[in-house]
Amino acid sequence: MKFDAELVARNITVSEIVHVDESLVLHSPGELAEGVRVERGGQSIADDLAPDGTVRSLIKGKSPQGREGEREACQILIERLNRGRTDGEKWRDLTEQREDSPVDWEASAPPPRGGREPSRLRIQVTLVGDSDFWQRLNTVGQIEEKSSIADLREALYAAIRVKSTRSSPDIVLAINARDTPRHSFRPVVDSFREQHAGWAAEIGFQEIWVVGPIPDMTERLDLQ
59 MKFDAELVAR
69 NITVSEIVHV
79 DESLVLHSPG
89 ELAEGVRVER
99 GGQSIADDLA
109 PDGTVRSLIK
119 GKSPQGREGE
129 REACQILIER
139 LNRGRTDGEK
149 WRDLTEQRED
159 SPVDWEASAP
169 PPRGGREPSR
179 LRIQVTLVGD
189 SDFWQRLNTV
199 GQIEEKSSIA
209 DLREALYAAI
219 RVKSTRSSPD
229 IVLAINARDT
239 PRHSFRPVVD
249 SFREQHAGWA
259 AEIGFQEIWV
269 VGPIPDMTER
279 LDLQ
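If you read the sequence shown in this note's numbering, its first letter stands for residue 59, the second for the next number, and so on.
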């Protein structure tokens with residue numbers, strides 16, 4: 059697998075190349091500027107944040123269908139959550155749940171000390187971005203856009219609001235931004251926390267995370 063030449067030609071300083079599931083990810087983090095390239099199975103993504111706050115994005119391919127990409131997003135989230143946990147505490151054994159369940163995926167961990175039942179990580183997954191975006195991508199096969207940090211912050215807000223009626227204190231909401239990694243850029247996450255973390259914490263989910271294409275671009279949103 060290799061990166062799309064047109065996408066790589068757009069200015070980005072290589073700092074990290076990571077293989078995640080079937081994806082090849084190039085990430086260049088920074089405090090004021092950030093860039094990412096993703097290649098996976100017929101899909102190419104390039105997102106860039108400039109120091110002035112302008113975000114340029116280009117995606118080629120098709121939109122995810124049904125639950126496509128959910129398992130991979132949950133695996134990235136679990137890897138992020140497992141940081142700092144001992145082997146005996148790590149989440150594992152990810153399983154898909156029924157279509158009519160409020161939970162999309164579930165993982166387990168060994169019982170806590172003194173307990174008999176394993177701990178459960180119950181995850182609900184949602185995409186970020188309106189349906190028109192994903193339908194247009196399927197139709198034309200390529201979308202190039204410009205946006206701002208505020209635009210991306212409010213897109214996260216909208217994705218959470220849609221799911222707010224299905225919140226539960228034992229469910230983690232995972233916003234799948236593997237195909238739109240700009241939503242997980244650090245300045246976007248920081249802006250969301252500043253503006254909406256208090257609101258998000260009161261909705262009723264156990265936790266709310268935005269899941270980027272790699273664990274280092276996966277952050278909890280309902281914390282100030």
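Even for Gly, the Cβ is constructed at its ideal location relative to N, Cα and C.
So Lys-120 and Asn-196 are supposed to be a Cβ contact under 8 Å. How far apart are they, rounded? 6 Å
Looking only at its chain, what residues have a beta carbon closer than 7 Å to the beta carbon of Gly-187, apart from the 5 residues adjacent to it on each side? Ala-213, Thr-238
Taking DSSP as the reference, what is the three-state secondary structure of Arg-125? coil
Can you give the Cα-Cα distance for Ser-242 and Glu-126, rounded to whole angstroms? 19 Å
Any chance the segment 156-167 sits against the segment 177-194, with 3 or more Cβ pairs inside 8 Å? yes
Assigned secondary structure, Gln-193 (DSSP; H/G/I helix, E/B strand, else coil): helix
I think Glu-92 touches Arg-244, with their Cβ atoms under 8 Å apart; what is that distance to the nearest whole Å? 6 Å
Local conformation of Trp-149 per DSSP, three classes: coil
Please classify Ala-167: does DSSP put it in a helix, a strand, or coil? strand
In chain order, what residues of the same chain have a beta carbon less than 6 Å from the beta carbon of Glu-202, not counting five sequence neighbours either side? Leu-116
Do the segment 259-271 and the segment 219-229 touch if we need at least three Cβ pairs shorter than 8 Å? yes
Within 10 Å of its beta-carbon, does Ala-216 have 16 or more other beta-carbons around it, so buried, or fewer, so exposed? exposed
Cα separation between Leu-90 and Arg-156? 42 Å
Of the choices Gln-123, Gly-146, Leu-152, Thr-144, whose alpha-carbon is the least far from that of Leu-135? Leu-152
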